[in-house]
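2 protein chains.
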Amino acid sequence: MKPAEQCTVGIVGLGLMGGAIAMALRNRGILPAGRGSGRLLACDTDAEVLAAARTAGVIDEGFTEAEPMLKDCDLVFLCLNPSTLLRFMKDRMAAFKSGSLITDIAGIKGGISAAMEQDLRQDLDFIPGHPMAGSERGGFANAGRCDFRGKNYILTPLKRNKPENLEYLRGLIHRLGFGRVTCTGAEEHDRKIAFTSQLCHVIAAALIDCEADTDITRFGGGSFEDLTRIAVLNVPMWAELFRENRAELLSRIEQFEGSLDALKRLIAEGQGEDLEERLARIRDRRAAMNQEN
Amino acid sequence: MKPAEQCTVGIVGLGLMGGAIAMALRNRGILPAGRGSGRLLACDTDAEVLAAARTAGVIDEGFTEAEPMLKDCDLVFLCLNPSTLLRFMKDRMAAFKSGSLITDIAGIKGGISAAMEQDLRQDLDFIPGHPMAGSERGGFANAGRCDFRGKNYILTPLKRNKPENLEYLRGLIHRLGFGRVTCTGAEEHDRKIAFTSQLCHVIAAALIDCEADTDITRFGGGSFEDLTRIAVLNVPMWAELFRENRAELLSRIEQFEGSLDALKRLIAEGQGEDLEERLARIRDRRAAMNQEN
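As structure tokens, then:
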């Protein structure tokens, strides 16, 4: 791979994350506007978004069809929902430039990893990825709200990935502002993300679901606001992620229900030191997580 | 009541909230250090905290016994846990200055309201209150982290409260920086707070309880961090609040379990529009809460 500064980089899907990646490439001096030999392209079905992004100087050129863009790209960020992504790769496989490096941002990795391990053209490299940054408000209009600084990024490399491409992508991710980059298997990713991301969204949703009085916010002191901020869901995306990772998510919900039930029983009993002991263990575990962060 | 600037104000319990109230009285020009006729006093069992607060200019004088302080105070903030508060009022009832206005900050109001409605000296006024601001890190050392600006404050007035004292306290609370001040009954407070505060803490605790791997934070993208920030619990305080408000909290936990179970079933079924519809309703309700905030 050429240095990123000399690459033609293509963003497929200029939504929240595609937009945020484009902005980071621009603003962090990797592909600054009007300088160097590198170019920043994007394709999207929404021509207005492309025009706005071009006017704002976020991209050099926009495409409503992917093929004319992909044929020039050395590096491609696929910023699509999981199901759209699979279809896109199936339909556009022939359009990629030989030798190009492709990565994605989908929040679930099992399906895409299996498909790419098997079906990817031999002259392409595809490294599945998941930037752990976002915003409860979606779309290109909110891309500027995405702050990558210090955030986690997960890569779930395929057996066939070239080690030098993996190092290249890892370096680029750090230059985009991300903190820890963790390499793991697609299965482990899906298992852990079911806990840290999907379960949290289900909990936030359930919390809003069980209280109809919107004026309850008068009684909010921060906890409720923190726990439910993410309940302003991108519904089609989350419904898809919940369904795609169904088995892992259901198992995590049940684990959580077990812990909640145990706490409920300790509160109901209302005596002895057991509640304090359990809460103290929880407090210490959460504090240990802070240190590792 | 005299203007607050001319009052002797006493803080009982110079912890997180007592310290934060003292700092707000100082820094917002109500009782600035070394000016005016008003004085800011505090009593606490910890002489080191009192000495530090005096050295830092946060208070004018510290007391390890309450009586010598209370006899001079026109206005008293009781910043104690609920059970300590009830005992304090029982043991120190004779020590308050005649005509003084007393308020508290306890997170549950049923017990203290009933006790004060019945047992308070006729020449005193006690307005129960609950500032909806705090920090998961307790103690005077963290008082500076408490930001009152725009936060909610709940008052649960007694039948016997003087209307002019209620207006006086409400005005002072706004001057401390708080936004909305809501007056409601003790029962309604306890019912709503069981949802916005205690249930949220139980959920955060359960989420940490069900995952032993502290390295899971590598897979965190903000949601997990937001949902579990409050799990670094002040254990004795929260155990007490959970127990004191047991009936309301258990009923809220069960409501939440019902909503979680409904979402779980929709995810398990994995087809139809029902999951999307329910998530869309949740998204809209959460957005409506934002607008009212």
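The listed protein sequences derive, respectively, from chains R and D. So for the first sequence, my numbering puts the first residue at 634; every next one is plus one. So for the second sequence, my numbering puts the first residue at 634; every next one is plus one. Heads up, the beta-carbon is just placed ideally off N, CA and C, and yes, glycines get one too.
- Task: Between the Cα of C706(R) and those of V682(R), A685(R), L757(R) and G690(R), spot the shortest distance and give me the residue it belongs to.
- Result: Comparing Cα positions, the closest option is L757(R).
For a minimum of 3 consecutive residues, which ranges assigned as the beta strand (DSSP E) are wholly contained in the stretch 850 to 903 of chain D?
none
Contact the stretch 705 to 723 of chain D vs the stretch 732 to 742 of chain D: 3+ CB pairs below 8 angstroms
yes
- Item | K825(R) classed as buried or exposed, judged by whether at least 16 other C-beta atoms fall within 10 angstroms | buried
Checking contacts by CB at 8 angstroms: is P869(D) closer than that to chain R? yes
Going by alpha carbons, who is nearest to A655(R) out of A819(R), G669(R), I915(R) and C676(R)?
C676(R)
Q) Could you check where the alpha helix (DSSP H) with A685(D) kicks off and where it finishes? A) A680 to T688
Quick one, are the C-beta atoms of L882(R) and I900(D) less than 8 angstroms apart?
yes
| said: Residues of chain D with CB closer than 7 angstroms to the CB of R782(R), please, in chain order. | reply: For a Cβ distance threshold of 7 angstroms, nothing in chain D lies close to R782(R): the least Cβ distance comes to about 12 angstroms.
Examine chain R for any beta-carbon lying closer than 8 angstroms to the beta-carbon of M650(D), and answer yes or no. Not closer than 8 angstroms to any Cβ of chain R, the Cβ of M650(D) fails to qualify, so no.
M726(R), buried or exposed, once every other Cβ within 10 Å from all chains shown has been counted against 16: exposed
Discussion item. Is it buried or exposed, N923(D), if we count other Cβ atoms within 10 angstroms and call 16 or more buried?
Written reply: exposed
**Which of helix, strand or coil DSSP assigns to V835(R)** = helix
**Prompt:** Of the residues F781(D), T815(D), S856(D) and V645(D), which one's Cα is nearest the Cα of G762(D)?
**Reply:** When only C-alpha atoms are compared, the closest one is T815(D).
task = Look at the alpha carbon of C843(R) and the alpha carbon of G643(D), and state the distance between them as a whole number of angstroms.
result = 41 angstroms
Quiz prompt | Residue range of the unbroken beta strand (DSSP E) whose run includes P764(D) | solution = G762 to P764
Could you tell me the boundaries of the beta strand (DSSP E) in which I806(D) lies?
No beta strand (DSSP E) contains I806(D), which is instead part of the alpha helix (DSSP H) from P796 to R808.
### Message
Can you tell me whether G651(R) is helix, strand or coil according to DSSP?
### Response
helix
My parser needs the alpha helix (DSSP H) runs of 4 or more residues fully inside the stretch 722 to 761 of chain D; what are they? Positions of the alpha helix (DSSP H) runs, each at least 4 residues long and wholly inside the stretch 722 to 761 of chain D, are given as 743 to 752 in order along the chain.
Q. Alpha carbon to alpha carbon, what distance is there between L893(D) and W871(R)?
A. 16 angstroms
field: Where Q755(R) falls, given that 16 or more other Cβ within 10 Å makes a residue buried
entry: exposed
Based on the DSSP secondary-structure assignment, which residues constitute the bridge partners of T641(R)? Bridge partners of T641(R): R672(R).
| request: Determine the direct distance from the alpha carbon of R885(D) to that of F875(D), and round the result to whole angstroms. | output: Cα to Cα, F875(D) sits roughly 12 angstroms from R885(D).
Discussion item. Would V709(R) and V645(R) be called neighbours here (beta carbons separated by less than 8 angstroms)?
Written reply: In this structure, V645(R) lies closer than 8 angstroms to V709(R) by Cβ.
Practice task
Look up L719(D) in the DSSP assignment and say whether it is helix, strand or coil.
Solution key: DSSP places L719(D) in helix when its eight states are reduced to three.
Counting pairs of Cβ atoms below 8 angstroms between the stretch 667 to 686 of chain R and the stretch 795 to 811 of chain R, do you hit three or more?
Contact fails: fewer than three Cβ-Cβ distances are below 8 angstroms.
(message) Tell me the DSSP secondary structure of L788(D) in three-state form.
(response) Reduced to three states, the DSSP call for L788(D) is strand.
Problem - Length of the line joining the Cα atoms of R770(R) and R851(R) - result: Distance between the alpha carbons of R770(R) and R851(R): 23 angstroms.
Say whether chain D places a C-beta atom closer than 8 angstroms to the C-beta of F828(R). yes
**Request:** Could you run through the stretch 704 to 726 of chain D and flag, in chain order, every residue whose CB is less than 7 angstroms away from some CB of chain R?
**Result:** none
Item to complete: Return helix, strand or coil for S830(R), following the three-state DSSP convention.
Response: helix
Taking just the CA atoms, how far does L788(R) sit from R686(R)?
-> Strictly speaking, residue 686(R) in this sequence is Ala, with Arg absent from that position. For A686(R) and L788(R), the distance between alpha carbons rounds to 28 angstroms.
- Item | L713(D), enclosing beta strand (DSSP E) - first and last residue | For L713(D), there is no enclosing beta strand (DSSP E), as DSSP marks it with neither H nor E.
Handout entry: Where K784(R) falls, given that 16 or more other Cβ within 10 Å makes a residue buried
Key = buried
Query raised in the report: Of all the residues that make up the stretch 768 to 779 of chain D, which are near chain R by a beta-carbon distance shorter than 7 angstroms?
Result: Look at the stretch 768 to 779 of chain D: it has no residue with a C-beta under 7 angstroms from a C-beta of chain R.
Item to complete: Note down, in chain order, each residue of its chain lying with its Cβ closer than 6 angstroms to the Cβ of G651(D), except the 5 sequence neighbours on either side.
Response: Contacts found: I644 and C712.
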